[in-house]
Structure formats: C-alpha cells, structure tokens
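With the first letter of the sequence shown counted as 1, position 266 gets the number 251 in my numbering; the numbers rise by one all the way through.
Note that beta-carbon positions come from the ideal geometry of N, C-alpha and C, so glycine has one too.
As the structure is a computational prediction, the values presented were derived from the model and not from experiment.
For reference, the structure discussed in these notes is given below.
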Amino acid sequence: MGNDFNPFQMAQAQLKAACDKLGLDPGYYEILKEPLRVLTVNIPVKMDDGTTKTFIGFRSQHNDAVGPTKGGIRFHPDVTLDEVKALSMWMTFKCGVVGIPYGGGKGGVICNPKELSKSELERLSRNYFRAIAQIVGPEKDIPAPDVYTTGQIMAWMMDEFSKVKQFNAPGVITGKPLIIGGSRGRNEATARGCMYVIVEAAAKIGLSLEGATVAIQGYGNAGRIAAELLSGLGCKIVAVSDSRGAAYNPAGIDPWAIGQFKDTTGTVKGYPGSEDIGNAGVLTLPCDILIPAALENQITAAVAPEVKAKLVAEAANGPTTPEADKILFENGIMVLPDILANAGGVTVSYFEWVQNLMGYYWTEEEVNDKLHQVMVQAFSNVYNMYQRYGDIDMRTAAYLVAVERVAQAMEVRGWV
Ligand code: NAD
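What follows is the structure in structure tokens.
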C-alpha cells in the first residue's frame, strides 16, 4: 500500500456507499465502520546475537455476525494498524461475496522477514501467535498466510497454539502444509477460482474462450497457475510479466515452458521468441482478457483509457484505482473485482478448516468441484445484483451482495 492514502478510510468509504445504495438503516454502517475488536501486541524476540528485540503486531476482527473471523497474517515493514483494519474489513466483504460462513479478520507484524534468520522468524511467529492466542481459535478467528508468511510459518503458529491449549488444533489456522492438515488444491485455489469466474463472465459478454487472447501481469502463484489453467481451456497467452520485465508474443506463449524458464533465470523477461514490452505494456495490450496478478494500484486513471481488454479479472488485491474503475465502466469493460475474482483462495481455506474440524480429508477433485460450485454461485449472485441496479459496475455489485448478507446476519441476531 502506498503512503499517500489511508486504506482504512477507503474501505469505510466503500462500505458507506454500499450501505447507502442498499438503503440500510444507519445502524449497520455504525457497527461495520470499525472492527469489533483490535488487539495490539508487543512481541519480544530473542535474536541470534543474544539481544532482545520487540516487534509490534496486530490482529483485527472486523465482524463476526456471519461466523468466526478469517484472514491472513502479513509480515512486512510497512504494516500499519489502519492497513490491518482495512484488510480485515475487506475480508468481511470477500467472505460475504462467496457466501462462506466467516466474518473478516486480518493480522500483521511490523518486521522485515528477509532480515531475520530462520530461527528468529520461528521465534517471532510463535511469540506473535502466543500473544494473540486468547482471541484466535477454530471457533473464533482463523488466520492464514498473507504477504511474506508461508506454510512453514502457519505450521509453527498451529504448533504454538496447540501447545498453549494442550490439544492438537489444526483448525486454528489454514494454509498449512498437507502433512499437518492442509487442503489439497489450496495452492491452485486462487487461480482456479479466478478461472471459474472468467468462464462465467465470458459466457455473459459473448466471449469465446477458445483462442481468446490473455495478458497477465505478475507470474507468481496466482498469475502463473491462471495462465496454465486458461491455456488448458484453449486461451492463447500472449503476454506475461514479473517485477523484472515482460514477455510478449502475439503467436502465443507456452505457460509451462515460460514457467520453467523463470524457474531457471528468475524472470520471464528474455523468454525465447518474446519481446519485452514492459509492465505497462502488458496492461494496455490488445487482448481479450487482462489479469492483473501482481500488486495494487496498477490500473490507474492514466492507464485505464488505454486498456483494450474486454474482460479484466483481478487476481491481485486492489489493482484498479476507483478513478480507473469509472473509466473502465464507461468504456464498457467488465471488471471482475478482487473480492470475487481471487476469493477462491479463502474459499479453499474454508474447506481446509472444514476438513480439520471433521478430521476427514477430501480428494483434490472433491475440493475443486466444491470450489466450482461456490464460485459459480458467487458470480451469479453478483451478476444478478449488477443487473438488478443496471447503473453499477461489478465491483459495486459485489460489495452490495456482501454487505447485504452481513446486514441480514446482524438483523436476525438483533444487533440493529
Ligand atoms: P507471488 O509473490 O507468488 O507473485 C507475485 C508476482 O508479481 C511475481 O511474479 C512478481 O515478480 C510479480 N511482480 C511484482 N512486482 C511486479 C511489478 N511491478 N510488475 C509486474 N509484476 C510484478 O504472489 P501471489 O500469491 O501470486 O499474489 C499476487 C496477487 O494476488 C497479490 O495481490 C495477492 O494479494 C493476490 N492474492 C493472492 C492469493 C493467493 O492465494 N496466492 C489469494 C488472494 C489474492
């Protein structure tokens, strides 16, 4: 997130707009505008050189009307309380869009994991989780990985919580390695969910996926697997990029071959037969489907008028600015918003938690089938809302679906 805007104020503005559009009693906004609970912790960590350093960590639980809160833990030097609060509110919306029985939560620790040794990282992870252990748990709040946190870190945190509680509690956290209760299909879930909603949207806008051209910004977990899956549906991947450059070939790029090239060289740039058109070039390329799968604030008001894709599917979180949204809408480009297009990740995290609670594990095929059902239903709900109003974009429609759902839960519980 940049320093020039406050993500929490932005999240509050989005919430306010959705509450107003739905004509909700002001009491709903009054409750939803702040997290229900925020914990700030000081985390002492014994460093390898024998000194003790204190890190600051947060856990924000935005709303639990629908179910226990859920959301990742971010380890990053730029973590702020307002960022964590905003991310927890967005998680409420994301869970609401896909209709999984969770509210939104988020955690963060101000640190630079790249400067920590593995043992320092383990102590920080364990100490942070012990410090928030009172407010998390399988029935309360279920964290997951986010920026710079990994399956290994989830394993340490689950282990620490299990020690504190003196029972094995795999359901306290998701994104774990398979051997201790992770879910099959989790690694591909974000890209797979994105593919499922692209299929639905393409049918609505009359776009045939056979031969459809695709440009992807970012070639990591989300972007690379999306390229492979869409290629499997007959799409032609014409451009991909990463932090070091881009690869463009109008004749098409083999996503597996360029993935291997990146594994060897560290970048997609320089892939044989391709041209480096730079990151901005990928966003404005003539193509049918554009998938931002890297960072926030990429499709700005300056870029949006040049976007030529018919469909934009936000695998990344927050890649399009509000001003750019308006331009894309006016230009008739459908945007599948992040809270829908990348919600496959949290959905399979939900499946992981369900499997942990049952102690019974599904095949990858079962996971993918269930993910398909959830994403198709979510797309349909958002598309119906989009059509019901007629004058809103798909992002607004997604917020309306989510806020309406949370508001219904709050109403029947008697909160408003
Ligand atoms: P990742 O670290 O695996 O990959 C990120 C990719 O973006 C890398 O290829 C990196 O080189 C590239 N990149 C970085 N800076 C870039 C730049 N300036 N221009 C072009 N490419 C650049 O991360 P990921 O897990 O694939 O996440 C990507 C986005 O998807 C993030 O916004 C993340 O929040 C979102 N997301 C991911 C998941 C998930 O399950 N992985 C779930 C929901 C949302």
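Own chain partners of residue i with C-beta closer than 7 Å, once the 5 adjacent residues on each side are dropped
i	result
residue 235	223
residue -13	Note that residue -13 scores 43 on pLDDT, short of 50, meaning its location in the model is unreliable; the coordinates nonetheless yield the value given after this. These residues qualify, in order along the chain: 282.
residue 95	40, 41, 62, 64
residue 384	-1, 3, 78
residue 110	138, 141, 142
residue 368	189
residue 162	136, 140
residue 54	46, 47, 87, 88, 89, 90, 126
residue 52	86, 87, 88
residue 361	181, 185
residue 259	232, 233, 234, 238
Residue i versus residue j - alpha carbon distance
i	j	result
residue 325	residue 285	20 Å
residue 267	residue 11	43 Å
residue -3	residue 365	26 Å
residue 134	residue 140	11 Å
residue 329	residue 36	42 Å
residue 75	residue 376	23 Å
residue 136	residue 300	20 Å
residue 210	residue 382	27 Å
residue 298	residue 380	11 Å
residue 390	residue 33	48 Å
residue 47	residue 66	13 Å
residue 322	residue 31	42 Å
residue 101	residue 401	46 Å
residue 185	residue 27	46 Å
residue 351	residue 80	21 Å
residue 146	residue 103	19 Å
residue 13	residue 378	23 Å
residue 246	residue 97	29 Å
residue 320	residue 264	19 Å
residue 72	residue 354	28 Å
residue 1	residue 57	24 Å
residue 49	residue 274	36 Å
residue 99	residue 250	21 Å
Closest residue to residue i among the options (Cα-Cα distance)
i	options	result
residue 388	399, 376, 370	370
residue 176	23, 149, 76, 327	327
residue 201	269, 131, 96, 109	269
residue 215	356, 182, 167	182
residue 316	187, 291, 37	291
residue 68	92, 48, 350	92
residue 25	330, 116, 260	116
residue 29	23, 207, 112	112
residue 394	97, 87, 55, 243	87
residue 178	288, 53, 82, 396	82
residue 217	229, 194, 207, 225	194
residue 150	173, 49, 114	114
residue 196	247, 396, 221, 207	221
residue 198	168, 238, 172	238
residue 294	187, 144, 17, 18	187
Proximal residues to residue i (C-beta, below 6 Å), its chain only, five neighbours per side dropped
i	result
residue 227	204, 252, 253
residue 70	-7, 20, 45
residue 399	none
residue 166	155, 341
residue 107	141
residue 262	231, 233
residue 213	240
residue 279	202, 203, 301
Residue range of the unbroken alpha helix (DSSP H) whose run includes residue i
i	result
residue -8	-8 to 7
residue 204	From DSSP, residue 204 is part of no alpha helix (DSSP H); its letter is neither H nor E.
residue 231	Residue 231 -> not in any alpha helix (DSSP H); beta strand (DSSP E) instead, spanning 230 to 233.
residue 323	323 to 326
residue 248	240 to 250
residue 65	First-last for residue 65: undefined, no H or E at that position.
residue 307	307 to 315
Extent of the continuous beta strand (DSSP E) run through residue i
i	result
residue 283	Per DSSP, residue 283 belongs to no beta strand (DSSP E) and is neither H nor E.
residue 102	Residue 102 -> no beta strand (DSSP E), and no H or E assigned at all.
residue 380	Premise fails: residue 380 lies in the alpha helix (DSSP H), 379 to 398, not in any beta strand (DSSP E).
residue 45	37 to 48
residue 405	No answer is possible for residue 405: the residues shown for the chain start at -14 and end at 401.
residue 226	221 to 227
residue 26	22 to 31
residue 11	No beta strand (DSSP E) holds residue 11; the alpha helix (DSSP H) holding it covers 11 to 17.
residue 339	Counting along the chain, residue 339 falls outside any beta strand (DSSP E), though it belongs to the alpha helix (DSSP H) covering 329 to 343.
8 Å Cβ cutoff, residue i in contact with chain B
i	result
residue 25	Checking the listed chains, one finds no chain B in this structure; it contains a single protein chain.
Residue i: CB within 7 Å of a non-hydrogen atom of ligand 3
i	result
residue 134	As presented, the structure is devoid of ligand 3, carrying ligand 1 as its sole ligands.
Cβ neighbours of residue i in the same chain (closer than 8 Å, five flanking residues each side left out)
i	result
residue 356	170, 174, 177, 178, 181, 329, 332, 333, 336
### Task
Determine contact between the region 117 to 128 and the region 153 to 165, defined as no fewer than three beta-carbon pairs at a distance below 8 Å.
The region 117 to 128 is in contact with the region 153 to 165.
### Query
Is the region 125 to 134 close to the region 304 to 315, with three or more CB pairs under 8 Å?
no
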